[in-house]
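These notes concern the structure reproduced below.
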Amino acid sequence: MKTRTRTRTLVVLAALLLCGPISPAARAADSTAHVEGTLPSGAAYLMDMPARWNGTVLLYSHGYRPAGSPNPAQNAPDDATKSLLLKAGYALVGSSYATTGWAVTDAVPDQLATLDAFTGRFGPARETIAWGTSYGGLVTTAIAERHPQRIHGSLSMCGLVQGGVANWNSTLDPVFALRTLLAPDSGIPLTGLGSQSEAAAAANTLSAAVTGAQSTSTGRARIALAAALHNIPGWNNPAQPRPAPTDWDTQEANQYQGIMGLILYPAFSWRQEAEGRVGGNMSWNTGVDYTAMLHRSPLHKEVTELYSKAGLSLRDDLTALNKAPRVKAERGAAEKMARTSSFTGRLTKPQLDIHTTGDGLIPVQAESALRRAVAAAGAAPLLRQSYVENAGHCTFSPGEQIAALHTLEDRIATGRWKAADPDALNARATEADPSTPARYGHYRPASYPRPYDLAHPADRVRG
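Counted the way mature numbering (1 follows the signal peptide of the UniProt record, and there is no 0) counts, the sequence shown spans residues -28 to -1, 1 to 435.
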């Protein structure tokens, strides 16, 4: 990847040199520039330079886009946040990545090439911060680990910071449970999907079984069990009713929606594309004890209550899961996923992560997985994680995002995490955007169900 990045960088710089040097007068004329272009890889890029640049450039990495979907360049999470940042003097840049899907091997070099293009046009930044949302949080963390010399700090928002192997293992667990308990004779393939049509057929068959199960107390208990194995919270969409702590029925109804979304997209369609990237199945559940996993889940109490209400034996279902034939990884595919998309934890520049507590797509426990890797690598003082009390994936307000950015900037400037507690973050969020409530709170996520990182030798591929 380093060779590919160096090649792309040289091509971009050569193209800029052919255009001739940019004079101070030209830079002044460009000071309110909106620039769009294409990298040698084919990726589009986008730059916005404010009228009064404060010297900081923000390199934004966007979230996952399914294969074949529109792929425009993006340089901010949303228009409202973008407007506030430009008014505050930040330069905003970002690329589309050359391909859609699980494109980390394209995304990292394309983002770095975009930085080169910015420098060639506008000159060097005083400070460069990498930031990104969702899958873009994975890209941002990869840049922070592998190319720390290019940035001063990083901000991951609702990021897939558990890394690729852990993500696909934890995506496997709930559908394995649903197939075993709701459709044991269906033959639904969970991995080794040969095409998008095969993935769609598998998703349709399993979703039909889950839809039918939702109409019975037995089925609802088993859906709650599957949700607990992925830590899908009982409030995972702001449009859902927020259940009381012991309102198990509403919690499960909300989780059912999350499970259906998981089946429709990540578990089959997105998996098929990712398998094509790495040459086979990159996940496994050999050796997994689902009884122990459930006991570690913060949703354990809900599951036991719903099983009791249904008159169903939880012990019998967990035994069935533990005895069911397991899924084995293809070692080469799993090792490629680990090499390209898992983390060492070796941060050398500060990183701040923010995550909503009610995230059903990338559950908040992903933050525990990154914290584990960073601690093992001896870099814990460089990482800070903060939590927004809201349902949904990446449902931050503009003010909450800007508050996190300012907190990271303080850490870069002073070497200390100053004013990083929820009250200080909320005050900063309100100052940045008084129109929306600030919802940072005290929270510590449970452990991630199946962490995998390159800092722990015990996290080995199991075929």
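Glycine included, each C-beta is placed from N, C-alpha and C at the ideal position.
- In this structure, DSSP gives Arg214 a state outside helix and strand, which the three-state scheme calls coil.
- If you look at His378, you'll find it in the alpha helix (DSSP H) that goes 370 to 386.
- If only complete runs of 4 or more residues are kept, the region 296 to 358 shows the alpha helix (DSSP H) at 303 to 313, 338 to 348, in order along the chain.
- In the structure shown, Leu87 adopts helical secondary structure according to DSSP, grouped into three states.
- Taking a C-beta distance under 8 Å as the contact criterion, Pro335 and Asn209 do not qualify as a contact pair.
- A direct Cα-to-Cα measurement between Leu377 and Arg400 gives close to 10 Å.
- The region 152 to 171 and the region 114 to 134 do not touch, with fewer than three beta-carbon pairs separated by less than 8 Å.
- Scanning its chain for C-beta atoms nearer than 6 Å, with the 5 sequence neighbours on each side dropped, one finds around Glu302 the residues Gly252, Asn253, in chain order.
- Every alpha helix (DSSP H) of 4 residues or more that sits fully in the region 162 to 250 is shown, in chain order, as 168 to 185, 189 to 202, 220 to 236, 243 to 250.
- Contact holds between the region 423 to 435 and the region 342 to 355, because three or more Cβ pairs, one in each stretch, are under 8 Å apart.
- Here the region 278 to 297 makes no contact with the region 310 to 324; the two share fewer than three CB pairs at distances below 8 Å.
- A check of alpha carbon separations from Ser67 across Asn398, Tyr36, Gln323 identifies Tyr36 as the nearest.
- A contact is defined here as three or more CB-CB pairs under 8 Å, and the region 116 to 125 fails this definition with respect to the region 409 to 421.
- As a beta-bridge residue in DSSP terms, Glu99 pairs with Thr28.
- Contact between Leu18 and Val65 holds: their C-beta atoms lie close to 7 Å from each other, under 8 Å.
- Under DSSP, Ser13 forms no beta bridge with any residue.
- The Cβ atoms of Tyr262 and Leu178 lie no closer than 8 Å to each other.
- Secondary structure note for Leu57: its alpha helix (DSSP H) is the uninterrupted segment 51 to 59.
- For Leu278, the enclosing alpha helix (DSSP H) starts and ends at 272 to 282.
- In the three-state reduction of the DSSP assignment, Ala63 falls in the strand class, which pools E and B.
- Note: Glu8 is bridge-paired with Leu18 in the DSSP secondary-structure output.
- If you draw a straight line from the Cα of Asn257 to the Cα of Tyr62, it is about 45 Å long.
- Out of Glu8, Gly40, Gln83, Gly248, the CA that lies nearest to the CA of Gly166 is found in Gly248.
- By the C-beta density criterion, Lys273 is exposed, having fewer than 16 other C-beta atoms within 10 angstroms.
- DSSP places Leu266 in the helix class (H, G or I) of the three-state scheme.
- Leaving aside the five residues that flank Gly330 on each side, the residues in its chain whose CB is nearer than 7 Å to its CB run, in chain order, Pro205, Trp207, Asn208, Asn362, Ala363, Gly364.
- Thr53 sits away from Gln323, with the two beta carbons spaced by 8 Å or more.
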